[in-house]
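Note sheet for the following structure.
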Ligand code: B1M
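Structure follows, in structure tokens:
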């Protein structure tokens, strides 16, 4: 039994999406639960990807390919997990701030969070403060994550925090920020709760906040 889970983790690491989907189905057929397969197969594999990415042993293309393989496995499990009402680690609303169209880093963060068991709501790019506010009202997440790649759009992270404050929602969520020009000092200056320099750290930080 442990064999097939290890195989799922290593095939995910190698980015073999079709094989991962087949192995997940085999694991289900052999009687393993969706939760076991998620935790000890898919998430275990993605955790290793995150560690090696952080250490500089894997690069963005490999992470994206591994993330695609994780999605292939998740697609097999998703209906079963939904049916068994398996609890997620927490709900996470994420988006790239207003004026900013860069989404590669944000998508990586989102995929790694999903790999770690978070339920994500992706608002996309160029997300206005009011759209973040509406999403918090609708989805009631534990964490709101904002990404910015332009120095000119970083200011919209602050506008979003202000909008959440004005809507009386600031204290209901934890706020995480990231993106190439963003720093821990900037995060503190604008009143965010956390900053992560990369996708793997974003998962570690989110786990602490959730
Ligand atoms: Co643009 N761009 N771009 N661009 N682009 C940069 C960011 C730039 C640094 C290039 C340069 O001049 N050297 C520069 C910004 C300069 C600045 O502000 N100081 C720039 C510019 C100027 C522009 C335009 C204005 C160009 C123009 O039109 N004149 C324009 C702006 C458009 C807009 O947004 N309104 C523009 C457009 C584009 C493309 C559309 C062509 C494309 C984006 C495609 C896409 O995203 N779908 C693009 C790209 C690809 C880049 C570069 C080359 C690469 C960015 C990237 O994807 N990196 C970039 C130069 C560079 O960074 N080398 C550049 C890979 C990605 C994995 O890293 O996004 O940093 P990153 O994410 C990391 C971390 O930052 C962190 O985790 C990720 C993974 O480890 N992270 C988070 C990110 N979000 C996080 C959130 C978190 C936590 C961590 O918590 C919530």
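Numbering (the working numbering), first residue to last: 74 to 283.
Glycine included, C-beta positions come from ideal geometry on N, C-alpha and C.
Go ahead and label residue i buried or exposed: buried means 16 or more other beta carbons lie within 10 angstroms of its beta carbon, across all protein chains shown.
| i | result |
| --- | --- |
| residue 91 | exposed |
| residue 229 | buried |
| residue 104 | exposed |
| residue 211 | exposed |
| residue 180 | buried |
| residue 110 | buried |
| residue 177 | exposed |
| residue 260 | buried |
| residue 100 | buried |
Which residues in the same chain have their Cβ closer than 7 Å to the Cβ of residue i, if we skip the five residues on either side of it in sequence?
| i | result |
| --- | --- |
| residue 214 | 164, 165, 166, 194, 246 |
| residue 278 | 249, 267, 269 |
| residue 75 | none |
| residue 86 | 118, 121, 122, 139 |
| residue 96 | 77, 80, 81, 84 |
Tell me the DSSP bridge mates of residue i?
| i | result |
| --- | --- |
| residue 294 | Not covered by the structure: residue 294. The range shown for the chain is 74 to 283. |
| residue 236 | BP columns for residue 236 are empty, so no partner. |
| residue 200 | 170 |
| residue 227 | None; residue 227 has no bridge partner. |
| residue 77 | None; residue 77 has no bridge partner. |
| residue 250 | 219, 268 |
Quick one: residues in its chain with C-beta nearer than 6 Å to the C-beta of residue i, no 5 flanking neighbours on either side, listed in chain order?
| i | result |
| --- | --- |
| residue 265 | 248, 250 |
| residue 205 | 233 |
Below 8 Å on the Cβ atoms is my guess for residue i versus residue j; work out the distance and round it to an integer in Å.
| i | j | result |
| --- | --- | --- |
| residue 236 | residue 202 | 4 Å |
| residue 88 | residue 128 | Not confirmed; about 18 Å, so no contact. |
| residue 113 | residue 78 | 5 Å |
| residue 149 | residue 98 | 6 Å |
| residue 275 | residue 126 | Between residue 126 and residue 275 the Cβ distance is about 11 Å, and since that is not below 8 Å, they are no contact. |
| residue 241 | residue 199 | Wrong, their Cβ atoms sit about 25 Å apart, outside the cutoff. |
| residue 253 | residue 222 | 6 Å |
Once you ignore the five residues that flank residue i on each side, which residues in its own chain have a CB closer than 8 Å to its CB?
| i | result |
| --- | --- |
| residue 234 | 243, 248, 263, 264, 265 |
| residue 143 | 85, 93, 115, 118, 119, 184, 187, 188 |
| residue 174 | 198, 199 |
| residue 124 | 273 |
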